[in-house]
Amino acid sequence: MPDSEDRPQLDDNASKAAAAARMQDQTKWVDLQVQQSIQRGEFDNLPGAGKPIKNLDRDHDPDWWVKQLVEREQIVVLPRSVQLRKDDAELDALLDTQTTEDGARTIVEEFNERVIAARYGAPEGPPLITMPRDVEATLAAWRERRAVRVAAARDVRREQAPRKRRWWQR
Numbered sequence: 008m009p010d011s012e013d014r015p016q017l018d019d020n021a022s023k024a025a026a027a028a029r030m031q032d033q034t035k036w037v038d039l040q041v042q043q044s045i046q047r048g049e050f051d052n053l054p055g056a057g058k059p060i061k062n063l064d065r066d067h068d069p070d071w072w073v074k075q076l077v078e079r080e081q082i083v084v085l086p087r088s089v090q091l092r093k094d095d096a097e098l099d100a101l102l103d104t105q106t107t108e109d110g111a112r113t114i115v116e117e118f119n120e121r122v123i124a125a126r127y128g129a130p131e132g133p134p135l136i137t138m139p140r141d142v143e144a145t146l147a148a149w150r151e152r153r154a155v156r157v158a159a160a161r162d163v164r165r166e167q168a169p170r171k172r173r174w175w176q177r
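Residue numbers in the sequence shown follow the working numbering, run continuously in steps of one, and reach 177 at the last position.
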């Protein structure tokens, strides 16, 4: 490997000229690649072709990508107190999807943990008015609703299924 002393030292102007020449060659190469791609038709029928670029007239916003993600994915970010109110209103419907008491108990206990954590945490947004649920009372109501659903499903099955005659009754 040759020593750095063997290489000719370029002065500042010569090194800048060499860098500019490399950049010029690189831009020529890139332009050539783009022209060849256009001729091959690789840029035809691209999505959004001929349409104006969205939000081009707006001022620069450093959080533009987050706002577009929220808009595209329809993400709703609520303060913890509002989210807990919403979860409290939907809790019975969520419990009704459970088939075991253990699953329902786990959901109620996790809800209560989130409410307690929000009560002891720093307040954010509107005041927290949601209270923890009484686990046993909530599960008793779930058992009653489930018994009604099971009985209704049993009645529907009886009405829908025609009574089969046994072989000895034919």
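Just so it is clear, CB atoms sit at the ideal spot from N, CA and C, and this is done for glycine as well.
Query: Is the beta carbon of R182 less than 8 Å from the beta carbon of A125?; Result: Since the first residue shown for the chain is 8 and the last is 177, residue 182 is missing from the structure and cannot be characterised.
Query: Taking 8 Å as the threshold, find out whether the region 138-153 comes into contact with the region 93-106 through three or more Cβ pairs.; Result: yes
Query: Quick one: grab the DSSP three-state call for I203.; Result: This structure gives no information on residue 203, because the portion of the chain shown stretches from 8 to 177.
Query: Contact defined as beta carbons within less than 8 Å: I believe N119 pairs with P139. What is the distance between those atoms, to the nearest angstrom?; Result: 4 Å
Query: Going straight from the alpha carbon of W174 to that of D94, what length do you get?; Result: 54 Å
Query: Which runs of the alpha helix (DSSP H) fall wholly inside the region 39-105 and span at least 4 residues, in chain order?; Result: 71-80 and 87-103
Query: So what's G128 in DSSP terms, helix, strand or just coil?; Result: coil
Query: Below 8 Å on the Cβ atoms is my guess for V122 versus T137; work out the distance and round it to an integer in Å.; Result: 6 Å
Query: Helix, strand or coil, according to DSSP, for M8 in the structure here?; Result: Legend: pLDDT at M8 = 49, less than 50; position of this residue unreliable, value from coordinates given subsequently. Three-state result, M8: coil.
Query: Can you find the residues in the same chain that come closer than 7 Å, C-beta to C-beta, to M8, ignoring five residues on each side of it along the sequence?; Result: Low local confidence applies: a pLDDT of 49 at M8 is under 50, so the model's placement there is unreliable, with the coordinate-based value given in what follows. Same-chain partners within the cutoff: there are none.
Query: Rounding to the nearest angstrom, what Cα-Cα distance links R165 and E117 in this structure?; Result: 38 Å
Query: As a quick exercise: from V142, N20, L76 and I82, pick the residue whose alpha carbon is nearest that of G110.; Result: V142
Query: Skipping 5 residues on each side, what residues in its chain have a beta carbon closer than 7 Å to that of A159?; Result: none
Query: Have a look at D68 and V41 and give me their C-alpha separation to the nearest angstrom.; Result: 31 Å
Query: Measuring straight from C-alpha to C-alpha, what distance separates V155 and I114?; Result: 21 Å
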